[in-house]
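K.L.:
Would you mind keeping the following structure in view while I ask a few things?
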Amino acid sequence: MKEEQKIVKEVLEDFAKRSEERKSFETQWLMNMNFYLGNQYCDIGYGGNLEDLDKQFYWQEREIFNHIAPIVDIRVAKLAKIKPKTTVLPSSNDERDVFTAKVSKKIIDSISNKLELSKKIDEAMQWSEICGTSFFKITWDSKIGQVVATEDDGTVVRSGEVDVTVCSPFEIYPDSSTSTDIEACQSIIHARAMDADKINSLYGLDVKGQDLSVFSLDSTTVGFGGLGYSSAAPKVCQGIKKNSALVIERYQKANDENPNGRLTIVVGDKLFYDGENPFAVGKDDERAFPFVRLVSLGQVSSFWGTSVVDRLIPIQRAYNAVKNRKHEFINRLTMGILKVEDGSIDIDNLEEDGLCPGKVLVYRQGSTSPEYLSTENLSSSFADEEDKLLEEFNNVSGLSEVLDNQNLTANISGVALEVMVEQSELRLNNSANNIKQSVKNISQMILKLYKQFAILPRLAKIVGDNGDIELFYFNSSDISSDDIALETQNELGESLAQRRQMVFDLINAGLLDDKENGMSNKMKVKALEVLGFGIWENAQDTSELHIKKAENENLKILDGKKVKAIEIDDHELHIDRHVSYMLGGDYEKEYAQNPQIEEMFLQHIREHKAFLKQ
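Adding 715 to a residue's 1-based position in the sequence shown gives its number in my numbering.
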């Protein structure tokens, strides 16, 4: 018991130390979120805390003209076009490895669809675009999945599934903020506030709930608006979460003392788990951190990425100042400034009612009548500065208004315009590449976890973009490679209309036709899929079905089952698949253990050749 209390104390002290070291980054994230939501009159005070700024005068214009939110929304919308497609490279050219690589790709596609991975990528992208950094946590949850058994006490045993969750930067605490990436860290803490009742159901611990300080969304009216009116804006501030406890998971890197790493889970003030890291998601199946980092823009020698919001905040403040000073000047022009002799009129009445239309202004006989002070006209400097700041918004954010400039687009060639649009998208390439790399790392971890835990066969389903459904079984032995590659495609500068036009150009040029028979049925199906009409041809191509049938026959013969050729087989294609398998290295290994399979393969190939002679 004393040893457990010592571990709990050490973890809590470590967490408190990391929280203090990360405070400056956390305050910057809070300010970014406030500026995005519209609370733009705040700043970091001397104590490192976020403070609201009050009006200096009651008449001061402090309206908010939020350009940061639409810029972030546009960036997220453009980056959301990126739907990276992964492929699994076989570990060798053997037929068996090629087959398992195809199965591995199907596993990734199935799990991505089942977990709605695209939505989670969009959520993480929103965090990274505002705060600069977000995280994916990829773990194995043994409490979900298909039911495989029921114990005597009624406990249901499930097959388990991969679980991918999005973690905000507020939940992750590295051992050092100067680490360049996750692999450079020696330990990482994942901490979050959780309801005490949920802790009881998940961890089986009776933890006493308490009030925890968390970030929440509120509304504030601190000095917003202008003369005579006020407005409200959303605000991210400290809130209280009742009946909760802190769940801390500390992952430590493998070392001589802990060759499989170490995971310590502290729930409230109790130790739930202290042992080796259960997730072999590192290189060569080593135990590693189950996290993938996504940054919007990287920083040199920093674990935390930077956001475009960081760079836009000074411009946004200047823009608000220019617009509000402009409106204050217009107020002076429209309302005027009266010059009144002391004691000539009722000052209180004048200040309360002003000079409304039809007002009778009575002043003391013999005194000077009130008159307006002369003011200059609105200077053009306001408009010039406003236009410069709007242009600076676009330059700093990486967005361009090339297509919005009608004079430009009307007097420029199509090729030149396309080059300009492509150059305008280059500013987003770093963020786009970070997203692709994150998807690649997530796919690798998914395969590693299934290879580690998916011992029993399980059923998976793939739903294609055109509604076609494929069911298949797999287990850990079907995963022989986790070498993930991304299919090269530039989604940022390529629209659906451009892809369709490219297909039509290829068809017109005859590049998709066979030399003798023109375009094959298989190529027609692929072309229709790219054009978005693949559902019209949802029947699978006959050649693909024959290939799958031949590969299944190879596996059956390896298991010692006798397989007969039938009339409907595409005999030339079947012979090609059987012969290619017999020439591979996997066949040699199987033959060394069971020489009888050679005669079974040859007999089956003879049956196909006999049908060809007929």
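Note that beta-carbon positions come from the ideal geometry of N, C-alpha and C, so glycine has one too. Just so we're clear, the structure is a prediction, and the values are computed from it rather than from any experiment.
Taking C-alpha atoms, which residue in Ser807, Gln1031, Ala911 and Glu736 lies nearest to glutamine 925?
P.N.:
Cα-wise, what sits closest to glutamine 925 is Ala911.
K.L.:
Please return the same chain residues whose Cβ sits closer than 7 angstroms to the Cβ of asparagine 1039, not counting the five positions on each side in sequence.
P.N.:
Once the five neighbours on either side are set aside, the close Cβ partners of asparagine 1039 are Glu776, Arg777 and Glu778.
K.L.:
Let's test the definition: count the other Cβ atoms within 10 Å of the Cβ of aspartate 1119 and tell me whether it reaches 16, buried, or not, exposed.
P.N.:
Any reading at aspartate 1119 must be qualified, since the residue scores a pLDDT of 46, below 50, and its modelled position is unreliable; the value itself is stated next. It is exposed - the Cβ of aspartate 1119 has fewer than 16 other Cβ atoms within 10 Å.
K.L.:
Mind reading off the beta-carbon distance from valine 877 to isoleucine 1161? Whole number of angstroms is fine, and I expect it under 8 angstroms.
P.N.:
Valine 877 to isoleucine 1161, Cβ: 5 angstroms. Contact.
K.L.:
Please report the straight-line C-alpha distance between arginine 1002 and arginine 1008, rounded to a whole angstrom.
P.N.:
Cα-Cα distance, rounded: 17 angstroms.
K.L.:
CB leucine 917 to CB valine 723, shorter than 7 angstroms?
P.N.:
Not a contact, by the Cβ cut-off of 7 angstroms.
K.L.:
Buried or exposed: which applies to methionine 1217, given that a residue is buried once 16 or more other Cβ atoms fall within 10 Å of its Cβ?
P.N.:
Its Cβ having fewer than 16 others within 10 Å, methionine 1217 is exposed.
K.L.:
Pull the bridge partners of proline 889 from the DSSP assignment, please.
P.N.:
Ile903.
K.L.:
Taking buried to mean at least 16 other C-beta atoms within 10 Å of its own C-beta, is proline 799 buried or exposed?
P.N.:
Burial call: buried.
K.L.:
Look up phenylalanine 850 in the DSSP assignment and say whether it is helix, strand or coil.
P.N.:
Three-state result, phenylalanine 850: strand.
K.L.:
Could you tell me whether the Cβ atoms of asparagine 895 and tryptophan 1019 are closer together than 7 angstroms?
P.N.:
The sequence shown places threonine at residue 895, rather than the asparagine named in the question. Cβ atoms of threonine 895 and tryptophan 1019: not closer than 7 angstroms.
K.L.:
Just the Cα atoms here: how many angstroms apart are valine 813 and serine 807?
P.N.:
Distance between the alpha carbons of valine 813 and serine 807 is about 7 angstroms.
K.L.:
Is it right to say threonine 801 is buried, meaning 16 or more other beta carbons lie within 10 angstroms of its own, or is it exposed?
P.N.:
With 16 or more other Cβ atoms within 10 Å, it is buried.
K.L.:
Helix or strand or just coil, what does DSSP make of glutamine 967?
P.N.:
Reduced to three states, the DSSP call for glutamine 967 is strand.
K.L.:
Check for me: the alpha helix (DSSP H) holding isoleucine 1199 runs from which residue to which?
P.N.:
Careful: isoleucine 1199 lies outside any alpha helix (DSSP H), inside the beta strand (DSSP E) at 1198-1201.
K.L.:
Between Ser1258, Arg1321, Asp1284 and Lys1151, which lies nearest to serine 833 when the distance is taken from Cα to Cα?
P.N.:
Serine 833 has its Cα closest to that of Lys1151, out of Ser1258, Arg1321, Asp1284 and Lys1151.
K.L.:
From what residue to what residue does the beta strand (DSSP E) around valine 1154 run?
P.N.:
Segment 1144-1168 is the alpha helix (DSSP H) holding valine 1154; no beta strand (DSSP E) there.
K.L.:
What does DSSP give as the partner residues of lysine 956 in its beta bridges?
P.N.:
Answer by DSSP bridge pairing, in chain order: Leu927.
K.L.:
Within 6 angstroms: the Cβ of asparagine 754 and any heavy atom of the ligand HEM?
P.N.:
For the structure depicted, the ligand HEM is absent and the ligand set is empty, with no information on it obtainable.
K.L.:
Using a 10 Å radius around the Cβ and a threshold of 16 neighbouring Cβ atoms, would you call phenylalanine 1219 buried or exposed?
P.N.:
It counts as exposed.
K.L.:
Are histidine 1286 and leucine 1327 closer than 7 angstroms when you measure CB to CB?
P.N.:
Yes. Within cutoff.
K.L.:
Which of the three DSSP states, helix, strand or coil, is assigned to aspartate 698?
P.N.:
The question about residue 698 has no answer here: the residues shown for the chain are numbered 716 through 1329.
K.L.:
Enumerate in chain order the residues of its own chain whose CB-to-CB distance from alanine 1254 is below 8 angstroms, with the five nearest sequence positions on each side excluded.
P.N.:
The predicted position of alanine 1254 is uncertain, since its pLDDT is 45 and thus under 50; no value can be drawn from it.
K.L.:
Taking 7 angstroms as the threshold (C-beta atoms), are methionine 1238 and leucine 1227 in contact?
P.N.:
Yes.
K.L.:
Pairing CB atoms from the stretch 851-870 with CB atoms from the stretch 751-759, are three or more of them under 8 angstroms?
P.N.:
The stretch 851-870 vs the stretch 751-759: no contact.
K.L.:
Let me know if alanine 1098 comes out buried or exposed under the rule of 16 or more other beta-carbons within 10 Å of its beta-carbon.
P.N.:
Exposed, by the Cβ-count rule.
K.L.:
Which residues in the same chain have their Cβ closer than 6 angstroms to the Cβ of histidine 1319, if we skip the five residues on either side of it in sequence?
P.N.:
Same-chain partners within the cutoff: Val1278.
K.L.:
Buried or exposed, going by whether 16 or more other CB atoms sit within 10 Å of the CB of glutamine 841?
P.N.:
The residue in question, glutamine 841, is buried, as its Cβ has 16 or more Cβ neighbours within 10 Å.
K.L.:
Quick check on the burial criterion: 16 or more other C-beta atoms within 10 angstroms. Buried or exposed for glutamine 901?
P.N.:
The residue in question, glutamine 901, is exposed, as its Cβ has fewer than 16 Cβ neighbours within 10 Å.
K.L.:
CB-CB under 7 angstroms to arginine 737, same chain, minus the five flanking residues each way: which ones, in chain order?
P.N.:
Same-chain partners within the cutoff: Tyr888 and Ser892.
K.L.:
Tell me the DSSP secondary structure of leucine 1123 in three-state form.
P.N.:
Model confidence at leucine 1123 stands at a pLDDT of 48, short of 50, so the residue's coordinates are unreliable and nothing is read from them.
K.L.:
Under DSSP, the alpha helix (DSSP H) around leucine 1270 begins and ends at which residues?
P.N.:
Residues 1257-1273.
K.L.:
Quick check on the burial criterion: 16 or more other C-beta atoms within 10 angstroms. Buried or exposed for phenylalanine 994?
P.N.:
Counting Cβ neighbours within 10 Å, phenylalanine 994 comes out buried, since at least 16 surround it.
K.L.:
Taking the alpha helix (DSSP H) that threonine 742 belongs to, which residues open and close that run?
P.N.:
Looking at the DSSP string, the run of the alpha helix (DSSP H) that includes threonine 742 is 738-752.
K.L.:
Just the Cα atoms here: how many angstroms apart are valine 996 and serine 1017?
P.N.:
Cα to Cα, the separation comes out at about 24 angstroms.
K.L.:
Thinking C-alpha only, which one of Arg965, Glu1056, Leu961 and Glu741 is nearest aspartate 1025?
P.N.:
With distances taken between Cα atoms, aspartate 1025 lies closest to Glu741.
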